[in-house]
Amino acid sequence: MEFPYWIIILLFTASVVFVFSPWRKLVYRLMARSEKPLFRIAYTLYTRTRLGYMYYKRQMKRAREHYPSGHSSSQPMEFNGLKIIPVSVLSDNYSYLVIDTASSVAVVVDPADPQKVQAVLEDEKVRLEAILCTHKHWDHSGGNKELRRLHSSCRVYGNAADNIPGLTHPLSHKDSITVGRMNFRALFTPGHTVGHMIYLLDGQTVGAPASLFSGDLVFLSGCGRMFEGNPSTMLSSLDIVASLSDNTLLWPGHEYAEDNLLFAAEVEPCNTVRENKYQWVLQQRSQKLCTSPSTIGEERQYNPFLRSHSAELHLALGLQQFQDEDWTQFRARVLEELRKRKDLYNRR
Ligand SMILES: [Zn+2]
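Residue numbering for the sequence shown follows my numbering, starting at 2 and increasing by one per position.
Following this line, the structure appears as structure tokens:
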């Protein structure tokens, strides 16, 4: 998600106004604390109140005006009877339409802008059978209800721990979802939110590689912010991704490749695979082309968040394993430091 910083500004302004009120002492006490509590308040407002929904609607309206044909252009990827279409939505999100072309049925992952998704469904002349929702943030789940209204038999999948709009089919770790010849496995990957799920499409039925729809857990050379989890939880979730086969295609929830690879250069300057990928990404982005998919094999080579074992990374972060420290604990500490630096670098 892109964070609604205007809420912080609003809260700050309200605080300043209160400075001149009789509650001044109380306001001073609140302001004396760091940005963190304000950030938590803003996050709670975004996820738990109507303000979050209003922010999302405004974000969608602006994006439709600024990018009438989407923030990026993408080519559908076709295998033997299976088609994956990245749909560019909001200012940098991707929804993904996955179609079984033999039976003309479709699944959509994170349909943030229902109007855009519906237009692609109509172009493709396919019936929407399921929504796979990675997590509750509005820029991933905001279109669920509207699409359900248009397609009454459409099922909405996600984890019940996340407050997913329109959820009809709550999922647990390793649950299967079958639509036409498409088989997905849901994997529970908390950290970004408490109920974050990712979806692994088995390509074997059509002789294709597997595809991972990773939401805000993993991006090209990046990972999501730890809004609702600690570094150990996030590490376990990232380890699930790192354990997938090399040729698995990665379809993330945002177009963050360029910034993420620049950040990766700060912490692993000598990584030539990262440098080559960066040059390719620059070429793609100069034409506003989508950078998805990469592969898990590639990500393992340059994505710092999947490389908490890398000695070069430890050196750059100035971290060493303590004598009595467990390797996984150390890697969680590396991830924590890495995420902190990324938050300072940019808040994506
Ligand atoms: Zn998110």
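All C-beta atoms, glycine included, are put in the ideal place defined by N, C-alpha and C.
Contact between the stretch 117-133 and the stretch 48-59 is absent: fewer than 3 CB-CB pairs across the two stretches fall below 8 Å.
For the stretch 252-322, the full-length alpha helix (DSSP H) segments reaching 4 residues or more read 258-268, 273-287, 297-303, 312-318 along the chain.
The beta carbons of Y200 and F214 sit closer together than 7 Å. It is roughly 6 Å from the alpha-carbon of V127 to the alpha-carbon of A107. Rounded to whole angstroms, the separation of the alpha carbons of Y68 and P87 is 15 Å. If you draw a 10 Å sphere on the C-beta of M55, you find fewer than 16 other C-beta atoms in it, and that means exposed. Burial is judged here by how many other beta carbons sit within 10 angstroms of a residue's own beta carbon; P38 has fewer than 16 and is exposed. D101 has L83, V106 as its beta-bridge partners, per DSSP.
In this structure, ligand 1 has no non-hydrogen atom nearer than 6 Å to the beta-carbon of H255. In this structure, the CA atom of E337 is about 33 Å from the CA atom of V157. When only Cα atoms are considered, M78 and V99 end up about 10 Å apart.
With respect to H136, T206 sits apart: the two C-beta atoms are not nearer than 7 Å.
Counted as a single uninterrupted DSSP element, the beta strand (DSSP E) harbouring V157 occupies residues 156-159.
Annotation: the continuous beta strand (DSSP E) that includes V180 extends over 177-180. With a cut-off of 8 Å on Cβ pairs, the stretch 260-269 is in contact with the stretch 219-235, counting three or more such pairs.
Of A312, H310, S70, the smallest CA-CA separation from V121 is found for S70. Short of 6 Å from the beta carbon of D163, and not among the five residues preceding or following it, lie these beta carbons of its own chain, in chain order: H136, K137, T194, G196. In the three-state reduction of the DSSP assignment, N347 falls in the coil class. At a cut-off of 6 Å, the beta-carbon of H138 counts as near ligand 1: some heavy atom of the ligand is closer than that.
A residue is called buried once 16 or more other Cβ atoms fall within 10 Å of its Cβ, and E66, having fewer, is exposed.
Taking L168 as the centre and dropping the five residues before and after it, the same chain places the C-beta of V157, G159 closer than 6 Å to its C-beta, in chain order. N261 is positioned such that its CB atom lies no closer than 7 Å to that of T296.
Per DSSP, the continuous beta strand (DSSP E) segment holding A187 begins and ends at 183-189.
In terms of side-chain proximity, the C-beta atom of D217 is found nearer than 6 Å to a non-hydrogen atom of ligand 1.
Pairwise C-beta distances place the stretch 277-293 out of contact with the stretch 309-320, as fewer than three of them are shorter than 8 Å. For G53, the secondary structure class from DSSP, reduced to helix, strand or coil, is helix. Excluding five sequence positions before and after E256, the CB atoms of its chain that fall closer than 6 Å to its own CB belong to S73, D93, given in chain order.
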